[in-house]
Amino acid sequence: MSAASTIGISSKDLRVDQDAEMGDDVTPKTLISVVRSESLWIRDGNIVLQAEGTQFKVYQGLLALQSTIFRDMFAVPPPSTGQDQVEGCPLVHLSDAAVDIAFMLEAIFLRRWVGVGQPIPMEVVVAFLRLGNKYEIETIRDEAHRRLFHEFPSDLASFDELVHTGTMINNHDQRGSFDAANLAREQNLLSVLPIALFWCCQNFRTTEMKEGQRRADGTISTLSPTNERACFGAHFDLLKLKEQCTFSWLFSPQSPYPICSYKNGGTCPAARSKIKEDVFFPIVVAGCINRWINEHKQGLCHGCGATAKRLHEEGRQKSWDALPNVFGLPGWEELLKERSTPA
Numbered sequence: 001m002s003a004a005s006t007i008g009i010s011s012k013d014l015r016v017d018q019d020a021e022m023g024d025d026v027t028p029k030t031l032i033s034v035v036r037s038e039s040l041w042i043r044d045g046n047i048v049l050q051a052e053g054t055q056f057k058v059y060q061g062l063l064a065l066q067s068t069i070f071r072d073m074f075a076v077p078p079p080s081t082g083q084d085q086v087e088g089c090p091l092v093h094l095s096d097a098a099v100d101i102a103f104m105l106e107a108i109f110l111r112r113w114v115g116v117g118q119p120i121p122m123e124v125v126v127a128f129l130r131l132g133n134k135y136e137i138e139t140i141r142d143e144a145h146r147r148l149f150h151e152f153p154s155d156l157a158s159f160d161e162l163v164h165t166g167t168m169i170n171n172h173d174q175r176g177s178f179d180a181a182n183l184a185r186e187q188n189l190l191s192v193l194p195i196a197l198f199w200c201c202q203n204f205r206t207t208e209m210k211e212g213q214r215r216a217d218g219t220i221s222t223l224s225p226t227n228e229r230a231c232f233g234a235h236f237d238l239l240k241l242k243e244q245c246t247f248s249w250l251f252s253p254q255s256p257y258p259i260c261s262y263k264n265g266g267t268c269p270a271a272r273s274k275i276k277e278d279v280f281f282p283i284v285v286a287g288c289i290n291r292w293i294n295e296h297k298q299g300l301c302h303g304c305g306a307t308a309k310r311l312h313e314e315g316r317q318k319s320w321d322a323l324p325n326v327f328g329l330p331g332w333e334e335l336l337k338e339r340s341t342p343a
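This note's numbering puts the first residue of the sequence shown at 1, with every later residue one more than the last.
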């Protein structure tokens, strides 16, 4: 069998052509060529699913075991006449994208994508969450949750651990944040949004958010109107968090540094001024949850360096706690309920 075998014309299509040839006043249908999936056309399968122009032949019973929606659908007795069939199997038309159905069926019948240790593409995660929710397929829905919750943490310690644990979505880069934020909003997975939207603000200027970003396949990913408004509305508050919380130690008077070695006109105030220029000019939103780096204490005495680091970490936690509200979302305590409650 070739990579994509063309399906023959149905008897209904043939009948239209025959009537036209006999002189009836009939307009022939536009014949649409349908292809069979190369990897998901099981010879002894007993159900054919069609999404867009692609057909998949699989096992009805196994599909019903995985999905309560398909199980209930198959439990309805088929009509005595008029049901479409392919090779003697019932044909079920689905309104989903063919590529999404392929990812879903690969997980169920070929054991691809699910439970693997390596990262998987964002488009697979998108398909898993959408179809897992729509067809109530717990396996792929849980896989999408597992990867999204890892990639977009709900606590600061887990966020910091990403440096060591690595990614679970292999194209979660600057462009992937748009798709992740849109998916989370669409599927009401709100605990993903604070960090997904933060990455959008951190990595893109407002003009870039409006224009969108090109995906690897050449298509353009743009933020949904709701997410775009959330990002634009957050800019001022993110700058405030950066200045008043995380990097407040750069603006603190001498009093927070009681053990400064240079109380009598030393280098610490000048060093903080230099760091302030590096961090805040030119003005960028990025930084309100940036980790402390050793370069921050350059030019500071030991006592001031230790105090600055402590203030930085305390302010960073305050910024993290404030992120949901900045984007118009419920607080972390409320958002975390969706991660602890079974779907």
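In this text, a Cβ means the ideal position worked out from N, Cα and C, and glycines have one as well.
Over the uninterrupted alpha helix (DSSP H) stretch that includes K210, give me the two end residues.
One-based indexing of the sequence shown puts residue 210 at position 210. First-last of the alpha helix (DSSP H) with K210: 206-211.
Suppose you measure from the CA of S154 to the CA of A306; what does that come to, to the nearest Å?
Reading the sequence shown from its first residue, position 154 is the one you call residue 154. Reading the sequence shown from its first residue, position 306 is the one you call residue 306. Going by the C-alpha atoms only, they are around 28 Å apart.
Would you grab the beta carbon distance between I259 and G303 for me? Rounded to a whole angstrom, and I think it's under 8 Å.
Position 259 of the sequence shown, counting from 1, holds the residue named residue 259. Position 303 of the sequence shown, counting from 1, holds the residue named residue 303. Confirmed, Cβ separation roughly 4 Å.
Am I right that I69 and E151 are in contact with their C-beta atoms under 8 Å? What's the rounded C-beta distance?
Sequence index remark: in the sequence shown, residue 69 carries index 69 (1-based). Sequence index remark: in the sequence shown, residue 151 carries index 151 (1-based). In this structure I69 does not touch E151 by the C-beta definition: roughly 27 Å separates them, more than the 8 Å allowed.
Should H145 go down as buried or exposed, given a rule of 16 or more other Cβ atoms within 10 Å for buried?
The residue labelled residue 145 in the question sits at position 145 within the sequence shown. Buried, by the Cβ-count rule.
Please state whether the Cβ-Cβ distance between R43 and Q55 is less than 8 Å.
Counted from its first residue, the sequence shown places residue 43 at position 43. Counted from its first residue, the sequence shown places residue 55 at position 55. Taking 8 Å as the Cβ cut-off, R43 and Q55 do not qualify as a contacting pair.
Span of the beta strand (DSSP E), counted from its first residue to its last, around P153
For the purposes of this step, residue 153 is identified with residue 153 of the sequence shown, where counting begins at 1. No beta strand (DSSP E) holds P153; DSSP gives it neither H nor E.
Count the other CB atoms, across all protein chains shown, that sit within 10 Å of the CB of Q66; report buried if there are 16 or more and exposed otherwise.
As a first step, residue 66 is located in the sequence shown; it is residue number 66 there, counting from the start. So Q66 counts as buried.
Cβ shell of N170 (< 7 Å), same chain only, five flanking positions each side left out:
Looking up residue 170 in the sequence shown gives position 170. Closer than 7 Å at the Cβ level, and outside the excluded window around N170, lie P119, I120, P121.
Do you know whose CA, among R205, A180, N203, lies nearest L193's CA?
The residue given as residue 193 occupies position 193 in the sequence shown. Nearest C-alpha to L193: A180.
How is the alpha helix (DSSP H) around P324 delimited, first residue to last?
Residue numbering aside, residue 324 sits at position 324 when the sequence shown is read from its first letter. That run of the alpha helix (DSSP H) goes 302-326.
Straight-line CA distance for A98 to L40?
Taking the sequence shown and counting its residues from 1, the one referred to as residue 98 is at position 98. Taking the sequence shown and counting its residues from 1, the one referred to as residue 40 is at position 40. Their Cα atoms are separated by approximately 12 Å.
Proximity below 8 Å, CB of S177 to CB of C200:
As a first step, residue 177 is located in the sequence shown; it is residue number 177 there, counting from the start. As a first step, residue 200 is located in the sequence shown; it is residue number 200 there, counting from the start. Yes.
Look up V92 in the DSSP assignment and say whether it is helix, strand or coil.
Numbered from 1 along the sequence shown, position 92 holds the residue referred to as residue 92. Residue state, collapsed to three classes: strand.
Start and end of the alpha helix (DSSP H) containing E38?
The residue you call residue 38 lines up with position 38 of the sequence shown. Not the alpha helix (DSSP H): E38 falls in the beta strand (DSSP E), residues 35-41.
What is the DSSP secondary structure of L214, counted as helix, strand or coil?
Your numbering for residue 214 matches position 214 in the sequence shown. Looking at the sequence shown, residue 214 is not Leu but Arg. Reduced to three states, the DSSP call for R214 is strand.
So which of Q85, F327, P90 has the shortest CA-CA distance to L241?
As a position in the sequence shown, residue 241 is number 241, starting the count at 1. With distances taken between Cα atoms, L241 lies closest to F327.
At least one CB of chain B closer than 8 Å to the CB of S177: is that the case?
Although the question refers to chain B, the structure presented lacks it and comprises just one protein chain.
May I ask you to verify whether the region 122-133 touches the region 81-92, counting CB pairs closer than 8 Å and requiring at least 3?
no
Tell me the rounded alpha-carbon separation between L197 and C231.
Here residue 197 refers to the residue found at position 197 when the sequence shown is read from its first residue. Here residue 231 refers to the residue found at position 231 when the sequence shown is read from its first residue. Rounded to whole angstroms, L197 to C231 spans 6 Å at the Cα level.
Contiguous alpha helix (DSSP H) assignments of at least 4 residues, all confined to the region 44-73:
60-66
Which residues in the same chain as S191 place their Cβ atom closer than 7 Å to its Cβ, once the five residues preceding and following it in sequence are excluded?
Counted from its first residue, the sequence shown places residue 191 at position 191. Excluding positions up to five away in sequence, the list reads S154, L335, L336, E338, R339.
If we ignore side chains and look at the alpha-carbon of each, how far apart do P78 and W113 end up?
Counting from one through the sequence shown, the residue named residue 78 turns up at place 78. Counting from one through the sequence shown, the residue named residue 113 turns up at place 113. Distance between the alpha carbons of P78 and W113 is about 33 Å.
Alpha-carbon spacing of P28 relative to F103, whole angstroms:
Numbered from its first residue, the sequence shown carries residue 28 at position 28. Numbered from its first residue, the sequence shown carries residue 103 at position 103. Since pLDDT at P28 reaches only 45, below the 50 mark, its modelled position is unreliable, and the value read off the structure follows with that caveat. For P28 and F103, the distance between alpha carbons rounds to 35 Å.
Under the three-state DSSP convention, the category Q83 falls into
If you number the sequence shown from 1, residue 83 lands on position 83. Coil.
So who's on the other strand from S158, going by DSSP bridges?
Translated into the one-based positions of the sequence shown, residue 158 becomes position 158. Per DSSP, none; premise fails for S158.
What did DSSP end up calling I259 once you bin it into helix, strand or coil?
The sequence position of residue 259 within the sequence shown is 259, counting from 1. In this structure, I259 counts as coil in the three-state DSSP scheme.
Pull the bridge partners of S346 from the DSSP assignment, please.
Residue 346 is absent from the model: the chain starts at 1 and stops at 343.
What is the residue span of the alpha helix (DSSP H) that L197 lies within?
Position 197 of the sequence shown, counted from the start, is the residue given in the question as residue 197. Element bounds for L197: 193-203.
Helix, strand or coil for S2? Go by DSSP, reduced to three states.
The count along the sequence shown starts at 1 and reaches residue 2 at position 2. Low confidence applies to S2: its pLDDT is 40, below 50, so where it sits in the model is not reliable, and the reading given next is rough at best. Here S2 sits in coil by DSSP.
Between the Cα of G299 and those of C268, V279, E228, E314, spot the shortest distance and give me the residue it belongs to.
Here residue 299 is taken as the residue at index 299 of the sequence shown, counted from 1. Per the C-alpha coordinates, the member of C268, V279, E228, E314 positioned closest to G299 is C268.
If you draw a straight line from the alpha carbon of R291 to that of V279, how long is it in whole angstroms?
In the sequence shown, the residue the question calls residue 291 occupies position 291. In the sequence shown, the residue the question calls residue 279 occupies position 279. Looking at the two C-alpha atoms, the distance is approximately 13 Å.
Taking Cβ to Cβ, would you say L189 is nearer than 8 Å to L148?
Sequence index remark: in the sequence shown, residue 189 carries index 189 (1-based). Sequence index remark: in the sequence shown, residue 148 carries index 148 (1-based). Yes, these two residues count as a Cβ contact at 8 Å.
List the endpoints of the continuous alpha helix (DSSP H) containing W332.
If you number the sequence shown from 1, residue 332 lands on position 332. For W332, the enclosing alpha helix (DSSP H) has its first and last residue at 332-335.
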